[in-house]
Structures are given as structure tokens and as C-alpha cells.
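Okay, structure first, notes after.
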Amino acid sequence: MVFSSIVFLCGFMPIVFLLYYFCPSGYRNILLLIASLIFYAWGEPCYIFIMLFSTVFDYCNGRLISTFKSKRKYKSAKFVLILSVVGNLTILGVFKYIDLIIGTLNILRLDEISPLNIALPLGISFYTFQTMSYTIDVYKGRVAAQKSIIDFGTYVCMFPQLIAGPIVRYGHVAKDLHKRTFTEQNLALGFQRFVMGLGKKVILANQVGDIWKDISQTSASDISISLAWLGALCYTFQIYFDFSGYSDMAIGMGQMLGFDFPENFDHPYLSKSITEFWKRWHISLGTWFKEYVYIPLGGNRCGIVRQVINLFVVWCLTGLWHGAAWSFLLWGIYFFVLVYIEKWFMLDFLKKFPKIFSHVYAMFFVIIGWVIFSHEDFSGLIDYVKALFGVGVPIINNVAVYKWYTSIVLLIILGFASTGFPKRIVFKLEAVFAAKYPAVDEDYGEKIHFWIVSVYSFFVLIVSLSMIVSGSYNPFLYFRF
Amino acid sequence: MKVSYRMYILVMLILLFIPMMFALIFPQKKYSFNENRYLNKFPKFSFSDVISGEFQEKFVSAYNDQFILRDFMMEVSTAVKKAEGCRDINGVYIGKENYYITKVTDRDVKREKFIGNLRYVEYFADRQEVPVYTMLVPSAGNILNDKLPLMAQMYNIDEMYNTISTVLDSSDLIDVREELNQQKISTQVYFKTDHHWTLQGAYAAYGRFCLNNGLRKHSYGLFSPRKVSGSFYGTVYSKVLDFSAKPDNIYAIAVNEEQVSVICDGEKGSVYDESKLETKDKYAYFFGGNYGRVDIKTGNKDKPKLLVIKDSYANSFVPFLFEYYSEITMIDPRYYNESVLDLAGKNNYNEMLILYEMSNFIEDNNLSKLTIEIKN
Numbered sequence: 001m002v003f004s005s006i007v008f009l010c011g012f013m014p015i016v017f018l019l020y021y022f023c024p025s026g027y028r029n030i031l032l033l034i035a036s037l038i039f040y041a042w043g044e045p046c047y048i049f050i051m052l053f054s055t056v057f058d059y060c061n062g063r064l065i066s067t068f069k070s071k072r073k074y075k076s077a078k079f080v081l082i083l084s085v086v087g088n089l090t091i092l093g094v095f096k097y098i099d100l101i102i103g104t105l106n107i108l109r110l111d112e113i114s115p116l117n118i119a120l121p122l123g124i125s126f127y128t129f130q131t132m133s134y135t136i137d138v139y140k141g142r143v144a145a146q147k148s149i150i151d152f153g154t155y156v157c158m159f160p161q162l163i164a165g166p167i168v169r170y171g172h173v174a175k176d177l178h179k180r181t182f183t184e185q186n187l188a189l190g191f192q193r194f195v196m197g198l199g200k201k202v203i204l205a206n207q208v209g210d211i212w213k214d215i216s217q218t219s220a221s222d223i224s225i226s227l228a229w230l231g232a233l234c235y236t237f238q239i240y241f242d243f244s245g246y247s248d249m250a251i252g253m254g255q256m257l258g259f260d261f262p263e264n265f266d267h268p269y270l271s272k273s274i275t276e277f278w279k280r281w282h283i284s285l286g287t288w289f290k291e292y293v294y295i296p297l298g299g300n301r302c303g304i305v306r307q308v309i310n311l312f313v314v315w316c317l318t319g320l321w322h323g324a325a326w327s328f329l330l331w332g333i334y335f336f337v338l339v340y341i342e343k344w345f346m347l348d349f350l351k352k353f354p355k356i357f358s359h360v361y362a363m364f365f366v367i368i369g370w371v372i373f374s375h376e377d378f379s380g381l382i383d384y385v386k387a388l389f390g391v392g393v394p395i396i397n398n399v400a401v402y403k404w405y406t407s408i409v410l411l412i413i414l415g416f417a418s419t420g421f422p423k424r425i426v427f428k429l430e431a432v433f434a435a436k437y438p439a440v441d442e443d444y445g446e447k448i449h450f451w452i453v454s455v456y457s458f459f460v461l462i463v464s465l466s467m468i469v470s471g472s473y474n475p476f477l478y479f480r481f
Numbered sequence: 482m483k484v485s486y487r488m489y490i491l492v493m494l495i496l497l498f499i500p501m502m503f504a505l506i507f508p509q510k511k512y513s514f515n516e517n518r519y520l521n522k523f524p525k526f527s528f529s530d531v532i533s534g535e536f537q538e539k540f541v542s543a544y545n546d547q548f549i550l551r552d553f554m555m556e557v558s559t560a561v562k563k564a565e566g567c568r569d570i571n572g573v574y575i576g577k578e579n580y581y582i583t584k585v586t587d588r589d590v591k592r593e594k595f596i597g598n599l600r601y602v603e604y605f606a607d608r609q610e611v612p613v614y615t616m617l618v619p620s621a622g623n624i625l626n627d628k629l630p631l632m633a634q635m636y637n638i639d640e641m642y643n644t645i646s647t648v649l650d651s652s653d654l655i656d657v658r659e660e661l662n663q664q665k666i667s668t669q670v671y672f673k674t675d676h677h678w679t680l681q682g683a684y685a686a687y688g689r690f691c692l693n694n695g696l697r698k699h700s701y702g703l704f705s706p707r708k709v710s711g712s713f714y715g716t717v718y719s720k721v722l723d724f725s726a727k728p729d730n731i732y733a734i735a736v737n738e739e740q741v742s743v744i745c746d747g748e749k750g751s752v753y754d755e756s757k758l759e760t761k762d763k764y765a766y767f768f769g770g771n772y773g774r775v776d777i778k779t780g781n782k783d784k785p786k787l788l789v790i791k792d793s794y795a796n797s798f799v800p801f802l803f804e805y806y807s808e809i810t811m812i813d814p815r816y817y818n819e820s821v822l823d824l825a826g827k828n829n830y831n832e833m834l835i836l837y838e839m840s841n842f843i844e845d846n847n848l849s850k851l852t853i854e855i856k857n
């Protein structure tokens with residue numbers, strides 16, 4: 001089930017939250033677990049067993065590690081940890097990367113094996129990372145092992161973040177799993193957050209995605225520099241609004257349930273460097289790789305050579321995590337090079353110039369990054385990059401003029417929406433109202449703010465539902481990962 | 482504050498529950514006239530279907546199809562897309578002056594298929610001893626290029642015409658481009674909301690037909706055209722459901738129904754079907770829609786016989802030809818499953834006409850039927 005579907009919005013979601021509201025707090029986790037399993041099974045009835053295996057496997061590993069540690073059998077604890085990591089990586093390897101490996105062997109003519117064509121189980125990249133982080137944290141003593149399989153299952157399978165993150169580390173929600181406060185405030189504000197995310201996805205990302213799709217299929221004779229850049233810009237916006245919209249929906253629903261999920265995006269397109277971009281983009285993934293790969297490898301503590309190698313490893317893995325194709329590795333290495341250059345001298349160099357220059361610099365490389373990301377075949381990528389830089393194509397043509405003037409309004413909206421301005425407007429409106437009608441009670445300002453967003457979210461929801469009903473096919477971009 | 486939160490939650494929850502209640506309480510709708518298709522219905526629960534995912538798939542499409550105020554939702558969606566600057570929605574250009582024009586680009590046009598269909602026509606024409614005319618009518622967007630959004634892409638009609646002349650040898654091409662381009666200056670030659678040409682468009686083609694075949698052409702007024710409907714929202718509109726759309730008028734020329742007899746697929750029909758004006762598809766007013774075979778006796782004695790192989794564009798065009806022919810047979814290969822070669826061989830037609838709208842001709846999958854051999 002996807003969030004931006006009628007079945008979820010006008011079926012699963014209201015029913016589950018209504019039940020949850022009236023459920024005694026002691027039974028809420030089991031309700032949530034069952035709901036999550038139904039949510040998952042709706043789209044992938046068979047793959048649910050992989051997730052359940054992963055859950056039980058790491059639940060046992062966590063318990064074993066904690067038992068061995070309390071008995072001071074550190075070697076055994078370490079063995080279980082390695083078993084857990086190897087187990088998780090094997091699952092990920094088999095279901096996500098096996099065909100990439102087979103394909104590569106075939107290309108290198110080392111072997112002739114036919115690809116297995118295994119469909120990628122939904123959310124596998126996310127939940128294997130979550131369960132892995134759990135056993136590592138238990139081993140490191142950062143968190144206590146979860147004794148209840150229900151609570152642990154709730155953590156792994158929880159539907160808001162199951163499919164596309166954010167990657168919630170166990171420590172972040174351990175307390176909430178046990179006991180959480182469920183208030184009307186969380187329910188209302190969480191729902192508002194959810195609707196904003198839905199709007200980002202359905203009203204903005206899907207529309208700009210259609211433009212990108214059209215441009216990416218343009219025949220070679222119709223391409224021009226301005227069209228190629230428009231396409232790249234559209235994809236840049238699509239992927240941000242798609243993914244951050246999804247994260248907003250997840251975080252919003254988490255809040256409605258009483259959980260406090262970590263933020264995943266912080267206006268990444270306002271960045272002034274690539275280093276900054278990656279601190280603002282998919283934050284939970286960056287943190288995960290830093291905590292569980294970069295630092296254990298030695299981070300920056302073992303000399304400059306080791307640091308460069310560590311960085312390289314992290315970026316290669318980050319790339320491959322996004323998809324099972326070598327183009328994603330290229331994409332990771334691309335960012336490794338940029339981040340390294342910035343570490344080396346570029347950040348200091350940029351400081352000498354006006355801010356706007358840094359913004360342009362950062363966005364230029366971000367956009368090129370997305371162009372690499374969007375092409376799984378190298379020849380297609382090379383053709384597109386050639387078009388971007390005007391090799392053998394005109395600057396502008398009729399198709400480009402048509403596409404530009406029919407998308408410019410949307411692009412302006414998107415540009416505006418990817419900054420912090422919309423939030424400021426709400427505060428401005430609040431001030432206007434407050435000045436016009438003098439305060440009657442203490443939380444007056446808060447109330448005005450709430451109702452402004454409420455009315456807005458009402459219309460966003462209606463429009464989103466309309467757009468979902470009007471187009472039946474509606475997959476999320478991030479489902480490939 | 483707590484009251485505010487509760488009120489908001491209640492309103493939103495009700496909003497999300499309404500579609501579910503609607504789907505549960507009201508009987509399922511069978512048909513969508515705007516979309517011209519049967520709607521999906523909720524599937525019966527079966528465990529094996531759930532495992533295979535078929536149940537879920539059917540359930541989703543049914544829920545979408547049975548959604549409350551579905552057409553209104555479409556209208557909202559179109560309005561928002563227009564506000565975002567979009568000028569082509571669901572393959573339709575939002576043109577100037579409330580024109581809705583089907584988007585057919587060079588990418589959509591399958592060249593091999595076009596040539597293949599032309600070859601079927603050539604094969605057919607080559608086997609006839611009487612003149613076979615081919616009239617392929619340009620798409621609305623080709624002629625009404627001034628009504629398209631600025632710089633909007635359409636396929637290149639001139640290239641298509643050049644291709645015709647390289648394949649067709651046994652058939653005489655009636656090129657109606659010039660007449661339509663002339664006629665559009667003073668009148669409306671295509672519907673604003675439908676994919677067909679108007680009576681004026683058909684009249685322009687009739688002019689070319691006369692010129693080509695040495696017939697005496699009458700003025701438009703002489704046919705006493707009258708308005709039969711002023712509330713026609715056609716198929717192109719149905720794809721976008723735009724709030725700001727304006728209905729089309731349908732005109733039809735006067736026909737002496739007592740003199741003309743029409744047989745549609747063996748049953749008595751009529752040139753005009755008044756009852757269709759009450760339905761969604763008002764263009765079906767002409768001959769009551771499309772039939773595999775329509776036999777018309779025009780009541781004019783001692784005139785030649787004409788065979789028309791056609792799509793629905795012919796339906797409003799053919800009445801202009803009544804006074805020149807004694808009998809006209811219309812064959813729509815989409816619905817006619819017997820041998821056209823056989824029919825053509827047995828009935829002593831004096832002339833034949835193949836009449837299609839260009840993009841429809843290119844995509845047609847039934848023209849191969851023209852090559853089905855005569856049965857013994």
C-alpha cells in the first residue's frame with residue numbers, strides 16, 4: 001500500500017487511527033503491529049515472511065548478545081553480532097544485489113548465469129538497516145535489548161516509516177515503544193504534517209515528474225540545451241518533493257501515533273556546498289552510515305590516508321544503497337570526489353565569494369548529481385550530459401519553448417516551496433490576524449496559527465484526493481531502493 | 482486549544498470516512514459516460530486472489546472508479562494542473578478559444594504501421610476495376626494550429642501526405658488540406674470538445690471531393706443545415722473535464738427521410754437518430770453511430786453506386802453525397818467481419834472511397850481485413 005492511494009487515505013488510515021484512539025494503551029503496540037503487517041501484505045503478501053524473519057532473527061540476536069554480555073562471554077556476544085550483520089547483509093545481497101553481481105560476471109565473461117529476476121521486496125533497504133543498527137547498538141551497550149517481541153516487531157514493521165524511511169534507529173524510539181503519550185495535539189499537528197507531505201508528493205512531485213518523464217523520452221532530434229536543463233531541473237525538484245513528502249507523511253503519522261521520528265530533510269536546496277547538502281538531505285541515512293560505517297572504520301582518527309579510504313567506502317556504499325546498478329556507484333563516487341575536494345580547499349575558497357555564488361555552485365553539482373542518478377545506462381547518461389553542455393544540439397527549439405513556458409509556473413512554486421518562505425508566510429498571516437483581532441486568551445496566537453494551517457491542509461487534502469482519483473497509476477520514486 | 486484540535490480531527494476524519502461510507506451504502510455504478518467505459522466493480526474476497534495480489538489490484542481500481550464525486554474530482558485535478566501552467570492534460574491540448582485538441586506528436590505516430598495500412602489500401606485498390614479514392618483527413622491539431630497553445634507539438638501532416646504518394650498507386654488521393662485551411666478562416670471546422678469534424682469541416686471536404694470527381698458543388702446554404710444540438714460535450718473534453726469548457730453545436734443538413742432508406746447491419750435505420758441527442762455521445766446522431774455495414778438507398782434513380790470504407794468521420798460527410806449516387810454502402814472495418822473484397826466484387830459499385838481521419842488511420846488495426854480474400 002502506498003500513502004498516496006485512495007485505499008490508504010480513505011480506508012486503511014482512518015480505520016487504523018480510529019481503532020488506535022479507542023484502544024487501551026497496553027494493546028496499542030499489538031494493534032500497530034497487526035495493522036503494519038496488513039499494510040505490508042496488501043502489496044507484497046509473500047515477502048512479508050522475509051520481514052518477519054528479519055524481525056525474529058534480530059530479536060533473538062539482541063537477546064543473545066545481551067545475555068552473553070551479562071555473563072561476560074564477550075567472544076560469544078561478538079560472534080552473534082557478526083552473525084547478525086552477515087545475516088542481514090546476506091538478505092539484502094540476495095534480494096537486492098544478486099542480479100547486479102550475476103550481470104557483472106556475465107559481462108566480464110567469467111561465467112554464464114541467467115539472472116534470477118527477483119523482485120525487490122518493499123522497504124528491505126530500510127528495515128534491514130534498522131534491525132542491523134539495533135543489534136550493533138545492543139552490542140555496544142547503547143541500548144538495552146528489547147524483551148518483548150511485540151514491541152520489537154512494532155519497531156521494525158511500523159507502517160509509517162516501513163517503506164521509505166526515515167531510518168529510525170532503535171535508541172531513538174526505545175522509550176516511546178514502551179510508553180508514549182497520545183494527545184489530541186499530536187494527532188492534529190501530526191495529521192497536518194501528513195497532509196503537507198501528501199500535497200508535496202501528489203500536487204507537486206507527480207506533476208513535475210510528468211514533465212521530466214516527457215522530456216527524458218524526447219527523441220534525440222528534438223533535444224536542446226534548454227530542454228535538457230529543464231528536464232534536469234524538473235527531476236531535481238521531483239526527487240526532493242517526492243522523497244521529502246514521503247518523509248513528512250511518515251513523521252506526521254509517527255507523531256499521530258505518539259512517536260518522535262527524526263527529521264530527514266532540512267531544506268537541502270538552500271545549501272551552499274555539497275558537504276552542507278548532504279547534511280540536509282536524507283539525514284537519517286547519512287547519520288546511519290556515519291555511525292555504523294565511517295566511525296567504526298576509524299573515521300578521521302587514523303590518519304589522512306585512512307580517512308580518505310573510509311570516506312571512499314562510505315560514499316560507494318551510499319551510492320549502491322540507492323539502487324542495484326553500477327550507475328549508483330558512480331553517483332556515490334561523484335559525491336565522494338566533490339566532498340573530498342571541498343574538505344581539501346573548496347570550502348575555504350568559497351568563503352571568499354558572495355553567498356549567491358556558493359548557492360549556484362552547490363546547486364549546479366547537485367543537479368548534475370541527479371542527472372547521473374536518473375540514468376541507469378551509461379550511454380543514455382553520456383548523451384544527456386552532452387545535451388546539457390551543448391554537444392551537437394541547439395541552444396533552444398520549439399519543444400523547449402513550449403515545455404519551459406508550460407512548466408515555469410510550477411517551477412516557481414517548487415522553488416518557493418523548497419525554501420523556508422511558506423512557513424514564514426504563516427507567521428506573517430498570524431501576525432496580521434493578531435493585530436486585527438486583539439487577543440482574548442493566552443494561546444490565541446497558537447490558535448490562529450493552527451487554524452490557518454488547518455484550513456490550508458483541508459484544501460490540500462481535497463486537491464490531493466482529486467489528483468489521486470484522476471490518475472490511477474501512482475508509484476513512489478523511492479520504491480526502487 | 483484542545484477543542485480546536487478535536488474539531489479539526491473530527492472534520493478530517495469525517496472527510497476521509499465519507500468515500501468509504503459512500504462506497505458501502507450506495508449501489509455500484511456500472512458505466513461512466515464521460516469515459517465511455519464500464520467501471521470496475523469491487524471484487525469478491527478469495528484467499529488465493531489475495532496471495533497473488535489480484536484481489537488488491539481489482540479492489541484499488543474499483544475504489545478509484547466508484548469514488549464519490551469522481552467527475553468533480555477530475556475537474557478539480559484539471560483546474561489545479563492548469564493553474565500550475567500545464568497545457569496538455571491526458572493527451573489533450575488546452576487550446577485557445579476553448580478548443581480541446583488531441584495531442585498527437587511525431588513520437589506517437591508509428592511510421593511502419595502507417596505504411597502497412599497504406600499497403601492494405603493499395604492491395605485492395607489494385608484489385609478494383611473502378612476508381613478508388615482515398616481521403617485521409619488531417620487531425621484537428623494540424624489544421625487548427627493557430628488554436629493550439631504556442632509552439633505545441635503536432636505530428637507533421639505534410640510528411641504523412643508525402644508518404645502516401647510513395648505507397649499508393651492504384652488509388653486517387655483526395656487532399657483536403659487546402660479546403661479545410663480555407664474553410665477554417667470563416668467557420669469552425671472541428672468541434673471544440675470532440676475529436677470529429679463539424680458539418681462545415683465535412684462540407685469543405687465535400688467541396689474537394691466534387692472538384693476532384695467533376696461533380697457540381699452546391700453552396701453550403703443550399704443543403705439547409707440546421708442546428709440539432711447546442712449542448713454537445715465531446716470525447717476530447719471528456720479526457721480533461723475542464724470547468725471552463727463550452728458546449729459545441731451540432732449541425733446537420735436537411736435530408737428527405739421518406740425518400741432515403743437506410744439499413745444498418747440488416748436492420749432498418751435512419752440517417753439521423755434523434756434519440757442520440759439525449760445521450761452523451763451526440764455525434765452518434767449521424768446514422769445512430771457506427772455499424773459494420775450501412776446500406777443507403779438515396780431515392781435518386783440512374784445514379785452511380787458508391788462504396789465507402791470509413792471511420793466515423795464519414796458519418797456527417799456522406800449525406801452531402803446523397804444526390805450524386807443512387808446507393809451508398811458504408812463499411813466500417815472495425816465492425817465488419819466479412820470479406821470487403823467479396824462485397825466489392827459482387828455489388829457492381831461504380832466508385833469507392835476510403836475515408837479516415839489521419840491519426841485514426843495510422844493507428845487502425847483492422848485495415849488488414851481489406852485483404853481478406855473472396856470466399857467461394
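Line by line, the protein sequences are chains L and U.
Positions 1 to 481 (the numbering used here) are the ones given, in order, by the first sequence.
Positions 482 to 857 (the numbering used here) are the ones given, in order, by the second sequence.
Idealized CB from N, CA, C, for every residue including glycine.
| Item | Value |
| --- | --- |
| Per-residue DSSP class, three states only, for Ile506 (chain U) | helix |
| Short CB-CB distance (under 9 Å) between Ala564 (chain U) and chain L | yes |
| Contact under 9 Å by Cβ, Ile452 (chain L) with Ala434 (chain L) | no |
| Residue-level contact to chain U via CB, Tyr361 (chain L), 9 Å cutoff | no |
| Identity of the residue in L:Ser327, L:Met363 and L:Val313 nearest His375 (chain L) by Cα | L:Ser327 |
| Minimum C-alpha distance to Phe237 (chain L) - residue among L:Thr55, L:Gly258, L:Gly332 and L:Phe416 | L:Phe416 |
| Cβ shell of Arg180 (chain L) (< 7 Å), same chain only, five flanking positions each side left out | Gly258 and Phe259 |
| Beta carbon of Gly123 (chain L) nearer than 9 Å to that of Leu187 (chain L) | no |
| Residue from L:Met51, L:Ile38, L:Val80 and L:Asp58 whose Cα sits closest to the Cα of Gln537 (chain U) | L:Ile38 |
| Through-space distance from Thr716 (chain U) to Lys665 (chain U), alpha-carbon basis | 21 Å |
| Rounded C-alpha distance that separates Ser148 (chain L) from Ile412 (chain L) | 50 Å |
| Residue closest to Gln503 (chain U), alpha-carbon to alpha-carbon, out of U:Arg518, U:Phe548, U:Lys591 and U:Lys577 | Sequence check: residue 503 (chain U) is Phe here, not Gln. The option with the nearest alpha carbon to Phe503 (chain U) is U:Phe548. |
| Proximity below 9 Å, CB of Lys200 (chain L) to CB of Asp242 (chain L) | yes |
| Per-residue contacts from Met132 (chain L) into chain U (C-beta, under 9 Å) | Simply none; closest approach about 29 Å. |
| Counted within 10 angstroms of its Cβ, other Cβ atoms place Ala362 (chain L) as buried (16 or more) or exposed | buried |
| Ile356 (chain L), buried or exposed, once every other Cβ within 10 Å from all chains shown has been counted against 16 | exposed |
| Exposure of Asp443 (chain L), with buried meaning 16 or more beta-carbon neighbours within 10 Å | exposed |
| Residue-chain proximity (Tyr20 (chain L), chain U), Cβ-Cβ < 9 Å | no |
| Met616 (chain U), enclosing beta strand (DSSP E) - first and last residue | Val613 to Val618 |
| Other residues of its chain near Ala765 (chain U): CB distance less than 7 Å, five sequence neighbours each side excluded | Asp754 and Lys757 |
| Span of the beta strand (DSSP E) around Met833 (chain U) | Glu832 to Glu838 |
| Best match in U:Lys483, U:Ser485 and U:Tyr489 for proximity to Val195 (chain L) [C-alpha to C-alpha] | U:Tyr489 |
| Any C-beta of chain L under 9 Å from that of Arg551 (chain U) | yes |
| Cβ-Cβ separation, Leu189 (chain L) to Asp151 (chain L) (assumed contact under 8 Å), whole Å | Wrong, their Cβ atoms sit about 25 Å apart, outside the cutoff. |
| Within-9 Å CB hit, Gln634 (chain U) to chain L | yes |
| Proximal residues of chain U, C-beta to C-beta of Ser454 (chain L) below 7 Å | Tyr489 |
| Proximity to Met467 (chain L) [Cα-Cα], best of U:Val657, U:Asp746 and U:Ser558 | U:Ser558 |
| Distance between beta carbons of Thr674 (chain U) and Asp729 (chain U), contact taken as under 8 Å | 5 Å |
| Stretch pair the segment 299-306 of chain L + the segment 281-288 of chain L: three plus CB contacts closer than 8 Å | no |
| Under 8 Å from the C-beta of Ile532 (chain U): neighbouring residues of chain L | Pro45 and Cys46 |
| Classification of Leu92 (chain L) by the beta-carbon crowding that lies within 10 angstroms, buried from 16 upward | buried |
| Secondary structure of Ala560 (chain U), DSSP reduced to three states | helix |
| CA-to-CA distance, Asp607 (chain U) to Ser849 (chain U), given in whole angstroms | 15 Å |
| Per-residue burial, Phe321 (chain L) [other beta carbons within 10 Å of its own, 16 or more giving buried] | The question names Phe, but residue 321 (chain L) is Trp in the sequence shown. The residue in question, Trp321 (chain L), is buried, as its Cβ has 16 or more Cβ neighbours within 10 Å. |
| From U:Asn796, U:Arg568 and U:Asn515, residue whose alpha carbon lies closest to that of Met555 (chain U) | U:Asn515 |
| Distance, Tyr97 (chain L) Cα to Leu108 (chain L) Cα | 17 Å |
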